[in-house]
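Listed in order, the protein sequences are those of chains A and B. In this text, residue positions in the first sequence follow this note's numbering: the first is 207, and each later residue adds one. In this text, residue positions in the second sequence follow this note's numbering: the first is 604, and each later residue adds one. Cβ coordinates follow ideal geometry from the N, Cα and C atoms, glycine included. Just so we're clear, the structure is a prediction, and the values are computed from it rather than from any experiment. Here is the structure we will look at.
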Amino acid sequence: MPATFTRNPVDVERKDTGIGGKPPYDRRPTGGGGDGENWDNHPHGRRGPRELLIRYRLGVMFALSGDLMFFVALVSAFFVRQSAGHFDAYNNFTSDWRPLAVPPILWLNTAVLLLSSVTMEMARRQLFHEIDVMEEWLGLGRPAVKRAAPWLAATLVLGLTFLAGQWVAWEQLVRQGYLLSSPDPSSHFFYLITGIHGLHLLLGIAALIAALVGLFTLKKVEFRQIAVDSVSWYWHTMGLFWAFLFALLVFFQ
Amino acid sequence: MKRALGRVFTTEHRRLGVMYLLLALAAVAVGTTLSLLMRFHRVWPNAVLPYFGVMKPEDYLALVTMHGTLMIFFVLTTAPQSGFANLVLPEQIGAKGMAFPRINATAFWLTVAAFLVLISAAHITAGGAPISGWTSYPPLSALPAAGPGQGLGMDLWLVSIGIFCVAAWLSAVNMLATILGERRAGMTWGRLPMTVWAWLVASILTLLAFAVLLAAVVLLFSDRHFGSSFFIPMNDMIDGRVVGHGDGSPLLWLHLFWFFGHPEVYIAVLPGMGLATSLFANFTRRRVAGYKMMAGMLVAIGLLGLAVWGHHMFVSGMNPYAGTAFAMVTMAIAVPSTVEVIGWLATLWGGGLRLQTPMLFALGFLSFFIVGGLSGPLLAEPALDAYLHNTFFVVAHFHLIMAMAGVFGVFAGVYYWFPLMTGRLMNEALGKVHFWVSLIAAYGTFLPMHFAGLAGEPRHYDRLAGPATNFAALIPVERGITYSALLLAAVQLVFLWNVFVSARRGRVAGENPWQSTTLEWANGTAPTRIEAGPYEYELPQGEGGFHPQWESAPKLE
Ligand code: HEM
Ligand SMILES: [Cu+2]
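Structure below.
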């Protein structure tokens, strides 16, 4: 009996069960197996546990990079519009831009949103906790789901709180007489930026709910991981975008 | 019934590819008809036409607008990029399918929706069709009162383009995730067919550019309906009445629009460049000269293309120093473009050309790319552009390099990949007639426009002779252009005939009719690991030897 042997690829194929025949936990970088097996040589759908996850991550990342350009366009419009003006009857350059004092509740909202990113990350990590994942994969219960669900729910609550807070901020502005249709460009930008970001968060909330439902209904560990993982990258990005947009609205008026 | 629905609402990428091509065909048919009406009107401005009666200036502008929008968005963005990529991209990289088939199908149906909204914009009687051109410059496009067609027509235009942006975005996400994540083992960057490189770069541009266009469309919509003033300047007047109420900046729209607009023209032409590279290698039975360089230059063109938008704005009142900077970056983009051309010529040089129809159209593509490209650096010179901007010289430039090169690229693709769609080859004789007449008529149509432009003939004017404009001397040239355009359109009927007849009764293609090396011809026999490069044609074992990518253990890498 030789001490080492190279597995016949046919063997590997036969043993493949569903998700690559490997638990959805990737230990490739540290595993010192050295059995000469390279998952990249496998056909599609069998290149190891993370293949699908990586596909979804790529998709989310590309979608978000387009979204980033969208916001970059809005922000550059903000700066261009801010510096625009005209010459009046006395040949003085004047501009209609009046800085807007953002409602202070925005600080609170921002804190809430950043906190929600923390809870989201906690939820995500639960699903990649190796021991729990193994247990779920072997069918010995659902410890990861049990631990992730509360964090996910917390994120949902915080997200809704943020949106409610934004709504309050809008109401305060309206009471001060700033409407979308009032002549102030700074208030147009405020409504537009917070509105579009809010729409993104609404989409995120829908995705969070879907992930929460999926946590209990999806049959495969891998799919549960993907659901939470995709939502979480989206959510973090929206948090990050907000941090920048908030800084723009507060400090660059 | 259910099966029919299943066939239509499919997520199968090949079928989606064909559906994209059919959508583009519908759009190109409408767009061409509109352009013929314009040509007719320029030469016989007082003729009584069926639907229009005597054409009013706003009718002419509506034709220009619908023609440009249909051709640029619904023909040259859909067919080369989404159409062909859906047809062959997954096979070419050895993937099982697209990364996100459902997102991909959604993108298609959104594109259809955008198309329908746009067509409906043309038929809304109240206020008429949009008239602002495919660029829709404010402040006119921002004010419903600014003219006929600036009401509901313009709104529908914006909605249509907004939907199109979302569709393009989804489609690009799917393409990029597919190219990056779904390649078969061994399908390294150096083994990708050049078409895949082109689709990769075009998808990146789509992702970045259409996001910015979407933002611009949202801002413009807000100006029209929510009382904001992003683009409407102070004291803007319509009919002697002041309507501007803020210091909005029309220049801002130009920046946002052209940040999209220039990458967009490359989105239209890059797939053709990739395909031409493949075809030159195939029909000369040689390797691509400087594969790495060619791929790298495609990427360079894409990157530089993101930084040249200001060359559309030299006379807009933009800071002249910015104009100089944009002029220099624009000249710089001529460098990778030239490298591409030299690479193609090097591939062709001394290789026995097999002049079958796909190859003819690829050569036609090359000729338009060169001739149209030559006028680019002239226009990129701010001083020259001050005269040439908004003349027919620009129309000549972009119809040769984008419209004709793009369409010839699409034809090359249709003739080449037709066996994959139908199992049959298209008729060669008809194909040759189609090619030669199209080539001559295309030059006959667009070359004289250079002279009209040099003589100062402006774009977007509905008549040449009259109290306001007098270019009566140009009318003979115009007449020649119109005849040539009619011929160009007429010969496309030969193409349509060829498609329909060949699809049923064409010569059966068999496997790999062009003796290609790339994987879309593997017919499902590709191994799990790719071991060959994409263009292994010159093999030592003699004439015509080639090594397809689906065979293992190549002699050469
Ligand atoms: C050597 C490379 C090129 C250079 C230097 C160049 C330069 C220019 C310049 C300066 C203009 C603006 C002219 C004006 O409006 O006054 C222009 C317009 C245009 N170019 Fe190019 N170009 C190049 C290649 C291309 C390519 C490859 C395409 C498309 C595939 C293209 C499509 C267009 C279009 C569509 C317009 C007109 C847009 C409009 O006003 O409606 N160009 N080009
Ligand atoms: Cu350009």
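With fewer than 16 neighbouring CB atoms inside 10 Å of its own CB, phenylalanine 299/A falls in the exposed class.
One finds Ser825 in chain B with Cβ atoms closer than 7 Å to the Cβ of leucine 398/A, taken in chain order.
Contacts with chain A at 9 Å (Cβ-Cβ) do not include leucine 878/B.
Here valine 715/B has Leu626 as same chain residues with Cβ atoms under 7 Å from its own Cβ, once five neighbours each way along the sequence are excluded. When the Cα atoms are used, alanine 630/B and valine 434/A turn out to be separated by approximately 41 Å. Around asparagine 838/B, the same chain offers Val845, Gly847 as residues with beta carbons nearer than 8 Å, after the five sequence neighbours per side are excluded.
Between the stretch 866-883 of chain B and the stretch 924-933 of chain B there are fewer than three C-beta pairs closer than 8 Å, too few to call the two in contact. A Cβ-Cβ separation of about 20 Å leaves leucine 803/B out of contact with tyrosine 1019/B under the 8 Å criterion.
The beta-bridge partner set that DSSP reports for arginine 353/A is empty.
The CB of phenylalanine 268/A comes closer than 8 Å to the CB of Ala775, Val776, Leu779, Ala780, Leu810 in chain B, given here in chain order. Distances from the CA of aspartate 850/B to each of Gln372/A, Ala307/A, Phe293/A were compared; the closest alpha carbon is that of Phe293/A.
In this model, proline 1079/B and histidine 616/B are separated by some 49 Å (Cα to Cα).
Distances taken from the Cβ of valine 720/B to the heavy atoms of ligand 2 include none shorter than 8 Å. The C-beta of histidine 1063/B comes no closer than 9 Å to any C-beta of chain A. Flagged as an interface residue toward chain A: valine 821/B, by a C-beta distance shorter than 9 Å. Just so you know, the alpha carbons of asparagine 297/A and glycine 843/B end up roughly 22 Å apart.
For glutamine 288/A, the enclosing alpha helix (DSSP H) covers residues 257-289.
At least one beta carbon of chain A lies nearer than 9 Å to the beta carbon of alanine 814/B.
Listed along chain A, the residues sitting closer than 8 Å to tryptophan 772/B by beta-carbon distance are Ala269, Gly272.
Phenylalanine 1038/B places its beta carbon less than 9 Å from that of threonine 960/B. Note on alanine 1006/B: 16 or more other CB atoms within 10 angstroms of its CB, so buried under the neighbour-count rule. Distances from the CB of glycine 671/B to the heavy atoms of ligand 2 are all 8 Å or more.
At least one beta carbon of chain A lies nearer than 9 Å to the beta carbon of glycine 830/B. The C-beta of alanine 818/B comes closer than 9 Å to at least one C-beta of chain A. Per DSSP, reduced to three states, the secondary structure at threonine 781/B is helical.
One Cα belongs to proline 1116/B, the other to isoleucine 675/B, and the distance between them is close to 32 Å.
DSSP places histidine 403/A in the uninterrupted alpha helix (DSSP H) bounded by 391-423.
Fully contained in the stretch 673-730 of chain B are the following alpha helix (DSSP H) runs of length 4 or more, in chain order: 687-695, 704-726.
Taking a beta-carbon distance threshold of 9 Å, serine 436/A does not count as an interface residue toward chain B. Assignment of proline 1061/B by DSSP, reduced to helix, strand and coil, places it in the strand class. Taking a C-beta distance under 9 Å as the contact criterion, phenylalanine 447/A and histidine 394/A do not qualify as a contact pair. By the Cβ rule, the stretch 993-1013 of chain B does not count as touching the stretch 654-663 of chain B, because fewer than three pairs are nearer than 8 Å. One finds Leu264 in chain A with Cβ atoms closer than 7 Å to the Cβ of leucine 783/B, taken in chain order. Remark: C-beta atoms of tyrosine 740/B and phenylalanine 813/B do not approach each other more closely than 9 Å. 9 Å or more divides the Cβ of arginine 256/A from the Cβ of serine 392/A. The beta carbon of glycine 905/B sits closer than 6 Å to the beta carbons of Val804, Leu808 from its chain, once the five residues preceding and following it are set aside; these are given in chain order.
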